[in-house]
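Residue numbers (this note's numbering), protein chains in the order written: chain G, 117 to 347; chain F, 117 to 347.
Number of protein chains: 2
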Amino acid sequence: MSINPADLRRVNVFEKASDEDLKIIAQGSIERSIEEGNFFFFQGDPADYAYILVAGRAKLLQTNPSGQQVNLRTINAWQMFGALGAVREAATYPASAQALEDCNALAVKSTTLKELIKDRPYLSIGLMNLMTDYIQEMQERYRELATEKVERRIARVLLRLTAQMGIKGEHNTIELGFTRKELSEMAGTTLFTVSRILSEWERLGLVEAGRERVVILQPHELVVIAEELEK
Amino acid sequence: MSINPADLRRVNVFEKASDEDLKIIAQGSIERSIEEGNFFFFQGDPADYAYILVAGRAKLLQTNPSGQQVNLRTINAWQMFGALGAVREAATYPASAQALEDCNALAVKSTTLKELIKDRPYLSIGLMNLMTDYIQEMQERYRELATEKVERRIARVLLRLTAQMGIKGEHNTIELGFTRKELSEMAGTTLFTVSRILSEWERLGLVEAGRERVVILQPHELVVIAEELEK
DNA sequence: GGACTTCTTTGCGCTATCGCAAAGAAGCAG
DNA sequence: CTGCTTCTTTGCGATAGCGCAAAGAAGTCC
Numbered sequence: 117m118s119i120n121p122a123d124l125r126r127v128n129v130f131e132k133a134s135d136e137d138l139k140i141i142a143q144g145s146i147e148r149s150i151e152e153g154n155f156f157f158f159q160g161d162p163a164d165y166a167y168i169l170v171a172g173r174a175k176l177l178q179t180n181p182s183g184q185q186v187n188l189r190t191i192n193a194w195q196m197f198g199a200l201g202a203v204r205e206a207a208t209y210p211a212s213a214q215a216l217e218d219c220n221a222l223a224v225k226s227t228t229l230k231e232l233i234k235d236r237p238y239l240s241i242g243l244m245n246l247m248t249d250y251i252q253e254m255q256e257r258y259r260e261l262a263t264e265k266v267e268r269r270i271a272r273v274l275l276r277l278t279a280q281m282g283i284k285g286e287h288n289t290i291e292l293g294f295t296r297k298e299l300s301e302m303a304g305t306t307l308f309t310v311s312r313i314l315s316e317w318e319r320l321g322l323v324e325a326g327r328e329r330v331v332i333l334q335p336h337e338l339v340v341i342a343e344e345l346e347k
Numbered sequence: 117m118s119i120n121p122a123d124l125r126r127v128n129v130f131e132k133a134s135d136e137d138l139k140i141i142a143q144g145s146i147e148r149s150i151e152e153g154n155f156f157f158f159q160g161d162p163a164d165y166a167y168i169l170v171a172g173r174a175k176l177l178q179t180n181p182s183g184q185q186v187n188l189r190t191i192n193a194w195q196m197f198g199a200l201g202a203v204r205e206a207a208t209y210p211a212s213a214q215a216l217e218d219c220n221a222l223a224v225k226s227t228t229l230k231e232l233i234k235d236r237p238y239l240s241i242g243l244m245n246l247m248t249d250y251i252q253e254m255q256e257r258y259r260e261l262a263t264e265k266v267e268r269r270i271a272r273v274l275l276r277l278t279a280q281m282g283i284k285g286e287h288n289t290i291e292l293g294f295t296r297k298e299l300s301e302m303a304g305t306t307l308f309t310v311s312r313i314l315s316e317w318e319r320l321g322l323v324e325a326g327r328e329r330v331v332i333l334q335p336h337e338l339v340v341i342a343e344e345l346e347k
């Protein structure tokens, strides 16, 4: 089950790559399967590979000295992650990457990318786009965490997830498959608080909360909670 | 008081630029003086220029709908900021940039940079280094905000500032010129809390707190507060 | 030197959010 | 079906940090 080089065009960064380049990348890379819960790499490991997620879902996270986790990003298929080794000398991953489901990924040697970057502007530009996107998201989330109340942050998390990966049901409902713990790590709060707020929203008919599952019944109302000036 | 192209090499991103390129950049750019308190640009403005701070200090900040501010980054001389327009099409600044002191800066047209990037790998790599640095810092700060107590965050802010721009005094003391408000915006808290904690630290002899001024008397003790596992 | 402005400190009450504990679903394994 | 594991809910304190208000420094301007 080898990967077709042409499939790599589904990765934003390689959108404009030549067939030639895709071949180089495909050949200079290894396939890795990571089971749910296992790690692609840990914070602090030498950043020798950049990854392209082919199947499954993963997350980037940081852990603080006492073990608390923070979710930095959720990664879906055909997204690239761990790419900073392609740029920096002797880089180490600044975060860990863990499989949320069983995953298949392509591991591209950082050195290969580093070589390619030298004379393929489309690649640098693609990577920079990736980075600026991410910077913007982080800045926004940072501000939210600093200034917004939990309820609003949770609403935002759900909306962001909706945009990224929501599965549409009937009547505009959107289903998300996350545990309370995962949601709390994304919102920078505790699973208890998430649970309480979801219960509250359920009472109001905004969502339907199940085990590892949230169905958004009234997306618009969530937007109101997320954006509204005075509560 | 025009800028000497060779000075541009003090900017990390241009470290490896040819004299030729520096000239292009110097010529294709405008000098702007911004008085203390005024803005280089606002969040949402079209990102037509990237800036290089020549003199003074500035900050990048975001404002939420109800006017609360968050400090994203402090910018010192010879640092580049607002560069994302060099990469993205029709980009708008994701944050505002405000002068903390009277500033002189060089404004480089985004289009100029965009042209240059196409066939100067050193430039892309320089920019990517800038971005990855920033991403790492933001990730770290995000995690701090999500998981650490205020006291620790304030300690970190002081230490970070120390590394970036502390003025060394006698006996290993370090002087920082910031208001409580500014510090609070960097730590993601309120000026009251910063004031209280600085008072506390002053009582303990760790710092000396003055108007728009903090002198760190015992840097090591601050590190302990910032890193220590159990309090 | 006085009047103003800006920044800082501190007391006080408040509340959003945490954190534990215990019990209740839901799914899975044999 | 039964028991086990994992996830969720909810009650009940506890508290860290907020936010206001008022007063106290420290500069600045004329």
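Here a beta-carbon is modelled for each residue, glycine too, at the ideal position from N, C-alpha and C.
Can you tell me the Cα-Cα spacing of residue i and residue j, whole angstroms?
{"i": "N180 (chain F)", "j": "S149 (chain G)", "result": "42 Å"}
{"i": "L275 (chain G)", "j": "V339 (chain G)", "result": "8 Å"}
{"i": "L277 (chain F)", "j": "S240 (chain G)", "result": "31 Å"}
{"i": "I140 (chain F)", "j": "A193 (chain F)", "result": "21 Å"}
{"i": "V224 (chain G)", "j": "I146 (chain G)", "result": "7 Å"}
{"i": "F158 (chain F)", "j": "Q178 (chain F)", "result": "9 Å"}
{"i": "R327 (chain G)", "j": "E318 (chain G)", "result": "13 Å"}
{"i": "G293 (chain F)", "j": "A142 (chain F)", "result": "32 Å"}
{"i": "G350 (chain F)", "j": "L261 (chain F)", "result": "Examination of residue 350 (chain F) is not possible in this model, given that chain F is present from 117 through 347 alone."}
{"i": "L320 (chain G)", "j": "Q334 (chain G)", "result": "10 Å"}
{"i": "L169 (chain F)", "j": "I332 (chain F)", "result": "27 Å"}
{"i": "R259 (chain F)", "j": "D164 (chain F)", "result": "32 Å"}
{"i": "E344 (chain G)", "j": "E324 (chain G)", "result": "22 Å"}
{"i": "K284 (chain F)", "j": "R236 (chain G)", "result": "44 Å"}
{"i": "C219 (chain F)", "j": "Y167 (chain F)", "result": "11 Å"}
{"i": "K297 (chain G)", "j": "Q195 (chain G)", "result": "24 Å"}
{"i": "S311 (chain F)", "j": "T248 (chain G)", "result": "35 Å"}
{"i": "R329 (chain F)", "j": "T190 (chain F)", "result": "16 Å"}
{"i": "S182 (chain G)", "j": "E337 (chain F)", "result": "20 Å"}
{"i": "Q184 (chain G)", "j": "Q255 (chain F)", "result": "14 Å"}
{"i": "Y209 (chain G)", "j": "N245 (chain F)", "result": "14 Å"}
Given a threshold of 16 other Cβ atoms within 10 Å of its Cβ, counted over all protein chains shown, does residue i qualify as buried or as exposed?
{"i": "K265 (chain F)", "result": "exposed"}
{"i": "N120 (chain F)", "result": "exposed"}
{"i": "K175 (chain G)", "result": "buried"}
{"i": "K347 (chain F)", "result": "With a pLDDT of 40 at K347 (chain F), under the threshold of 50, the modelled position of that residue is not reliable, and the figure given next carries that caveat. Exposed: under 16 other Cβ atoms inside 10 Å."}
{"i": "F308 (chain G)", "result": "exposed"}
{"i": "A279 (chain G)", "result": "exposed"}
{"i": "S300 (chain F)", "result": "buried"}
{"i": "G172 (chain F)", "result": "buried"}
{"i": "A221 (chain F)", "result": "buried"}
Tell me which residues share the same chain as residue i and place their Cβ nearer than 7 Å to its Cβ, disregarding the 5 neighbours each side in the sequence.
{"i": "I341 (chain F)", "result": "E267, R268, A271"}
{"i": "A211 (chain F)", "result": "Q159, L176, L177, Q178, L188"}
{"i": "T289 (chain G)", "result": "V331, I332, L333"}
{"i": "M281 (chain G)", "result": "N192"}
{"i": "S226 (chain F)", "result": "A163, D164, Y165, A166, G201, A202"}
{"i": "E217 (chain F)", "result": "E152, G172, R173"}
Would you mind telling me which residues of chain G sit closer than 7 Å to residue i, beta carbon to beta carbon, in chain order?
{"i": "T263 (chain F)", "result": "N180, Q184, V186"}
{"i": "R204 (chain F)", "result": "N245, T248"}
Under 7 Å between beta-carbons, which chain F residues line up against residue i? List them in chain order, please.
{"i": "D235 (chain G)", "result": "P237"}
{"i": "R259 (chain G)", "result": "Q178, N180, V186"}
{"i": "L200 (chain G)", "result": "T248"}
Who are the neighbours of residue i on chain G, taking C-beta pairs under 9 Å?
{"i": "Q255 (chain F)", "result": "L176, Q178, V186, L188, P210, A211, M254"}
{"i": "G172 (chain F)", "result": "Those do not exist, as G172 (chain F) stays about 23 Å from chain G at its closest Cβ, beyond 9 Å."}
{"i": "G116 (chain F)", "result": "This structure gives no information on residue 116 (chain F), because the portion of chain F shown stretches from 117 to 347."}
{"i": "G326 (chain F)", "result": "The premise fails here: G326 (chain F) is roughly 26 Å from chain G at the closest Cβ pair, so nothing lies under 9 Å."}
{"i": "I251 (chain F)", "result": "L200, P210, M247, Y250, I251, M254"}
Might you give, ordered along the chain, the residues of its own chain that have their beta carbon closer than 8 Å to the beta carbon of residue i, omitting 5 neighbours on each side?
{"i": "R125 (chain F)", "result": "E131, A133, L138"}
{"i": "N154 (chain F)", "result": "Q214, A215"}
{"i": "S315 (chain F)", "result": "A325"}
Taking Cβ-Cβ distances shorter than 8 Å, what residues in chain G pair up with residue i?
{"i": "S149 (chain F)", "result": "In chain order: nothing, as chain G lies at least about 27 Å away."}
Could you please give me the residues that DSSP links to residue i through a beta bridge?
{"i": "L169 (chain F)", "result": "F:A221"}
{"i": "M196 (chain G)", "result": "G:I168"}
{"i": "N187 (chain G)", "result": "G:L177"}
{"i": "L150 (chain F)", "result": "First, the residue type needs correcting, since residue 150 (chain F) is Ile and not Leu in the sequence shown. DSSP output for I150 (chain F) lists F:C219 as bridge partner(s)."}
{"i": "K284 (chain G)", "result": "G:I290"}
What does residue i reach in chain F if we use C-beta pairs closer than 9 Å?
{"i": "L222 (chain G)", "result": "Here the premise fails: no neighbours, minimum Cβ distance about 21 Å."}
{"i": "R270 (chain G)", "result": "Sequence check: residue 270 (chain G) is Ile here, not Arg. Going along chain F, no residue has its Cβ under 9 Å from I270 (chain G), so there is no contact; the nearest lies around 13 Å."}
{"i": "I140 (chain G)", "result": "The contacting residues do not exist; I140 (chain G) stays about 17 Å from chain F at best."}
{"i": "G293 (chain G)", "result": "Near G293 (chain G) there are no residues of chain F at all, since even the closest Cβ is about 23 Å away, more than 9 Å."}
At a CB-CB cut-off below 8 Å, which residues of chain F make contact with residue i?
{"i": "I241 (chain G)", "result": "V203, I233, S240"}
Using a Cβ-Cβ cut-off of 6 Å (strictly less than) and excluding sequence neighbours within five positions of residue i, which residues of its own chain qualify?
{"i": "L232 (chain F)", "result": "L239"}
{"i": "G242 (chain G)", "result": "V129"}
{"i": "M302 (chain F)", "result": "N187, V273"}
{"i": "K230 (chain F)", "result": "A202"}
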